[in-house]
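Colleague: Numbering (the UniProt record's numbering), first residue to last: 1 to 385.
1) How many angstroms separate the CA atom of residue 136 from the CA atom of residue 142?
2) Which of helix, strand or coil does DSSP assign to residue 366?
3) Just curious, the beta strand (DSSP E) that residue 272 is in, first and last residue?
4) Here's the rule: buried if 16 or more other CB atoms are within 10 angstroms of the residue's CB, otherwise exposed. What is residue 263?
5) Between residue 232 and residue 207, how many whole angstroms is the CB-CB distance? I'm expecting something under 8 Å.
6) Which class does residue 110 belong to by DSSP, given the choice of helix, strand or coil?
7) Quick one: what does DSSP say residue 165 is sitting in, helix, strand or coil?
8) Quick one: give me the first and last residue of the alpha helix (DSSP H) that residue 55 is part of.
9) Output the distance between the C-alpha atoms of residue 355 and residue 266, rounded to the nearest integer angstrom.
10) Using only the alpha-carbon positions, how far apart do residue 109 and residue 319 sit?
11) Does the count of Cβ pairs from the region 167-183 and the region 148-155 closer than 8 Å reach three?
12) Using a threshold of 8 Å, state whether the C-beta atoms of residue 308 and residue 244 are closer than that.
13) What is the residue span of the alpha helix (DSSP H) that residue 69 lies within?
14) Between the C-alpha atoms of residue 261 and residue 378, what's the straight-line distance to the nearest angstrom?
15) Given this structure, state the Cα-to-Cα distance separating residue 334 from residue 95, to the nearest angstrom.
16) For residue 73, is the classification buried or exposed, using 16 other Cβ atoms within 10 angstroms of its Cβ as the cut-off for buried?
17) Measuring straight from C-alpha to C-alpha, what distance separates residue 75 and residue 324?
18) Does the beta-carbon distance from residue 48 to residue 3 come in below 8 Å?
19) Note down the Cα distance separating residue 224 from residue 202, rounded to an integer number of angstroms.
20) If you draw a straight line from the alpha carbon of residue 303 to that of residue 40, how long is it in whole angstroms?
21) Curious, which full-length alpha helix (DSSP H) runs of at least 4 residues does the region 198-265 contain?
22) Between which residues of its own chain and residue 322 is the CB-CB distance below 7 Å, once the five residues before and five after are set aside?
23) In the DSSP assignment, find the unbroken alpha helix (DSSP H) run with residue 181 in it and report its ends.
24) Would you decide whether residue 36 is buried or exposed? Buried here means 16 or more other CB atoms lie within 10 Å of its CB.
25) Mapping the DSSP letters down to three states, classify residue 384 as helix, strand or coil.
26) Alpha carbon to alpha carbon, how far is residue 279 from residue 329?
27) Quick one: what's residue 125 bridged to in DSSP?
28) To the nearest angstrom, how far is it from the Cα of residue 52 to the Cα of residue 78?
29) If you compare alpha carbons, which of 44, 139, 281 and 86 is closest to residue 192?
30) Taking the continuous beta strand (DSSP E) assigned at residue 96, which residues delimit it?
31) Sorted by chain position, which residues of the same chain lie with C-beta nearer than 7 Å to residue 293's C-beta, five sequence neighbours on each side aside?
32) For the alpha helix (DSSP H) containing residue 38, name the first residue and the last one.
33) Cα separation between residue 212 and residue 365?
34) Which whole-angstrom value describes the C-beta separation of residue 132 and residue 222, a residue pair presumed to lie in contact below a C-beta threshold of 8 Å?
Below, the structure is given as structure tokens:
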């Protein structure tokens, strides 16, 4: 039997004065006009001990009126159900994720409890492609309790990785990142199932068996340039798996999400950039065809910047999996490391995208060659979103 309860924190910050009920939250104040005090009396009976029928009798209301009142207050996320139980979570998990529950309690309502959110994390399977900066994302996922993490890479840990890939230690230098990551994640959270694949990604097909069955894929791959993220994009489109992408530069970092055939994909993004920034298209073409030497100026990754971008994307992933809050409305996030401003923009879905557009080959197993993408970028832009 449902026994609605005003959240303890909300009861603590609630007051009524000047015929207005106020909940003074962390940065906002919820105000509910209550000239007769009837709503205040109603709220005070939402104590987890009274049923809807009890409240109706005490306040001389119909059951429908009580249900409507509860639904209205629940819309503010100030109620919880005392009947919510941590089914599917072990005693150890109930203790380990105690602070997760405190955080989730701010977002739970009468339908979705803090335990529901944690169960969704536990039941999720996330693949992380590229275990450089991706190792930090994997650590965030393990800490929050994602049940299965799949890691893919073929590099070994190098000493100069440790300035930014801080989940590894000097003891891991020389070891495959996959091996080191599995050991480190198991030390961080032994309840997480960690699968690793020591594999070089050189095609979409080289990913298919790894990501099949994943709920979500994170691309932190930087090799081969341009093509790595396109391979991930192609595999995820074929399998219908949502994907997130991350990259960190000198002064900027970015991340974006792709919902298969709903939002713009990686190739849509590349087409949009090359069409709106023709000078970038020209430089990219020259580099790709060897007209400009490919000079390695080193990796600009800096630990604080890596922490900022990877934590932002991990937070988005948690929202995506649990639904405790909305993900960013615009899918492309840009972080300016100079002033720490975060902005968001759209990735227009292009109708002539060879990967997800209306003329794409649904049977294609690999992304089209880059020279075809260059040709499309130089043609007239066609957008459908």
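We treat Cβ as the ideally placed atom computed from N, Cα and C, and that holds for glycine.
Computed from a prediction, not measured in an experiment: that's the story for all the values here.
Modeller: Taking the definition as stated:
1) 10 Å
2) coil
3) It is not in any beta strand (DSSP E) - residue 272 instead sits in the alpha helix (DSSP H) that spans 266-276.
4) buried
5) 6 Å
6) coil
7) coil
8) 52-59
9) 9 Å
10) 15 Å
11) yes
12) no
13) 63-74
14) 23 Å
15) 36 Å
16) buried
17) 13 Å
18) yes
19) 8 Å
20) 50 Å
21) 205-211 and 227-239
22) 117, 120 and 121
23) 177-188
24) exposed
25) Summary for residue 384: the model assigns pLDDT 47, below 50, so the residue's position carries little reliability; its value from the coordinates is reported in the next sentence. DSSP places residue 384 in coil when its eight states are reduced to three.
26) 29 Å
27) 148
28) 17 Å
29) 139
30) Taken as a continuous stretch (DSSP letters only), residue 96 belongs to no beta strand (DSSP E), being part of the alpha helix (DSSP H) at 91-96.
31) none
32) 38-44
33) 14 Å
34) 7 Å
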